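Chain order of the listed sequences is A and B.
Here my numbering is used: the first residue of the first sequence is -14, the next is one more, and so on.
Here my numbering is used: the first residue of the second sequence is -14, the next is one more, and so on.
Step one of this worksheet: look at the structure below.
2 protein chains.
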Amino acid sequence: MFRGAFEHTLDNKGRLSIPAKFREVLIGKGDERIVITNFVVEQARCLDVYPLDEWLRFEDEVRKKPRFERRMVSFQNYYLGGASECAVDKQGRILIPPLLREYAGLKRDVVLVSALDKFRVWDQQTWKKVFAEAEEKLMQDPDFLGDLGL
Amino acid sequence: MFRGAFEHTLDNKGRLSIPAKFREVLIGKGDERIVITNFVVEQARCLDVYPLDEWLRFEDEVRKKPRFERRMVSFQNYYLGGASECAVDKQGRILIPPLLREYAGLKRDVVLVSALDKFRVWDQQTWKKVFAEAEEKLMQDPDFLGDLGL
DNA sequence: TGCCTATTTGGCACTATTTGTCCTATAGTG
DNA sequence: CACTATAGGACAAATAGTGCCAAATAGGCA
């Protein structure tokens, strides 16, 4: 699965080259298509990127839930509504749809961060903040990891 | 199926061009006809757009239900009553019937949002509100996301 | 440390998509 | 019957997306 974090840059058309390490994972699956959607962690916006097969598995999970339950409706609007499929081009890039680019505040410098079966794309500044806050929390609460059973 | 969200504009005749990504799906079905009807999510009005075959399938579902049950009658009045069939023209546009345009408060800027087998059309301002509320709700309910494995 | 290879990025040209404008056909009205 | 208003269709300009090539950079190996 995906491992590591990489700093990359968008070109002026909004294209992002996928780190070779991540691309290898996709090639291993035999399908380089990905699905990309909006997400938010700790008030900070980012994009979630799934290999197509993982995304489909996830959609199936969602379909099993009660469709008209109110939180589910919100969730579908938010997470599924924004999801769009992209293909990786010959030099390993994807075009990030304008709305998503705008949502996550992606300008030039971005960071791609692995998250198990998927990875996330952050605006560099936003990522620095999120990362620093996470570190801070760990330092100030020594029991944090213990409480999680790690 | 449909994926992604797109900002488009109506021309002064009320015509809306369907995003190429969505049109591909219709072309894949070999039938570009669609059915469009009124809908409301979280108190906010929008339009539901179905490929014709999906709509027919949905009608069959409805037919199986007890026809004179009161809520079913209401639903039929509302959802089926507003439904109208449109064809996509040569440059990929549909004409949105005036009543529906008015219903959903469509002015110039609209957003087309995928929703699995169909998509929705929102007035841009309305969509922003609905989206922001959904985002808010999800942020405040981390357990819900946890249940979904996010 | 320096060379070689692989990866990433920038630039350019070409194609496709979207949108605004114009034109014609049709129906309604005087 | 002629004129006007309007809807629908087509054209064309502007914009955005895609593909390709090559420069620059980073990483690996000797």
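Heads up, the beta-carbon is just placed ideally off N, CA and C, and yes, glycines get one too.
Computed from a prediction, not measured in an experiment: that's the story for all the values here.
Residue from the options with nearest C-alpha to residue i
i	options	result
Y88 of chain B	B:R78, B:E(-8) and B:V106	B:V106
D132 of chain B	A:K49, A:R30, A:G90 and A:I81	A:K49
E118 of chain B	A:L80, A:R55 and A:G134	A:R55
A100 of chain A	A:D128, A:V26 and A:K75	A:V26
L123 of chain B	A:K103, A:V95 and A:M57	A:M57
Y34 of chain A	A:G13, A:Y64 and A:K113	Note that residue 34 of chain A is Val in the sequence shown, not Tyr. Cα-wise, what sits closest to V34 of chain A is A:Y64.
G15 of chain B	B:I3, B:G134 and B:L37	B:L37
I21 of chain B	B:G(-11), B:D108 and B:I79	B:I79
Q76 of chain A	A:F(-13), A:P4 and A:A(-10)	A:P4
I12 of chain B	B:N23, B:A29 and B:M(-14)	B:M(-14)
I81 of chain B	B:I19, B:R8 and B:K6	B:I19
R(-12) of chain A	A:C71, A:K6 and A:N23	A:K6
Residue i at chain A interface by Cβ criterion, 8 Å
i	result
L(-12) of chain B	The sequence shown places Arg at residue -12 of chain B, not Leu. Yes, R(-12) of chain B counts as interfacial toward chain A.
G13 of chain B	no
S99 of chain B	yes
F116 of chain B	yes
D32 of chain B	Per the sequence shown, residue 32 of chain B should be read as Leu rather than Asp. Output row for L32 of chain B: interface = no.
L1 of chain B	no
L123 of chain B	yes
Bounding residues of the alpha helix (DSSP H) (the contiguous stretch that carries residue i)
i	result
L133 of chain B	Segment: none, L133 of chain B is in no alpha helix (DSSP H) and carries neither H nor E.
R48 of chain B	L37 to R48
G66 of chain A	Segment: none, G66 of chain A is in no alpha helix (DSSP H) and carries neither H nor E.
M(-14) of chain B	No alpha helix (DSSP H) holds M(-14) of chain B; DSSP gives it neither H nor E.
Cβ of residue i within 8 Å of any chain B Cβ
i	result
F60 of chain A	yes
A72 of chain A	no
G66 of chain A	yes
E46 of chain A	yes
V106 of chain A	no
V142 of chain A	Shown here, chain A extends from -14 to 135; a query on residue 142 of chain A therefore has no answer.
V10 of chain A	no
Q28 of chain A	yes
Beta-bridge pairing of residue i - partner residues as DSSP gives them
i	result
L(-8) of chain B	It is Glu, not Leu, that sits at residue -8 of chain B in the sequence shown. Looking at the DSSP assignment, E(-8) of chain B forms a beta bridge with B:V96.
A29 of chain A	A:V26
P127 of chain B	Partner(s): none; P127 of chain B has no beta bridge.
L80 of chain A	A:R0
V115 of chain A	Answer by DSSP bridge pairing: none, since V115 of chain A is not bridged.
V10 of chain A	According to DSSP, which records beta bridges pairwise, V10 of chain A is partnered with nothing at all.
V58 of chain A	DSSP lists no partner for V58 of chain A.
Residue i, enclosing beta strand (DSSP E) - first and last residue
i	result
F24 of chain B	I19 to V26
K103 of chain A	K103 to D108
E70 of chain B	S69 to C71
Contact list for residue i against chain A, beta-carbon separation under 7 Å
i	result
F129 of chain B	R56
E120 of chain B	V25 and Y63
L91 of chain B	In chain order: nothing, as chain A lies at least about 18 Å away.
Chain-ordered neighbours of residue i on chain B, where CB pairs are closer than 7 Å
i	result
Y35 of chain A	Neighbours of Y35 of chain A on chain B: none; closest Cβ ~11 Å, over 7 Å.
Chain-ordered chain A contacts of residue i [CB-CB under 9 Å]
i	result
E(-8) of chain B	P83 and L84
G134 of chain B	F43 and E46
Under 8 Å from the C-beta of residue i: neighbouring residues of chain A
i	result
L(-5) of chain B	Within chain A, no residue comes near L(-5) of chain B; the closest Cβ sits about 18 Å away, beyond 8 Å.
D126 of chain B	R56
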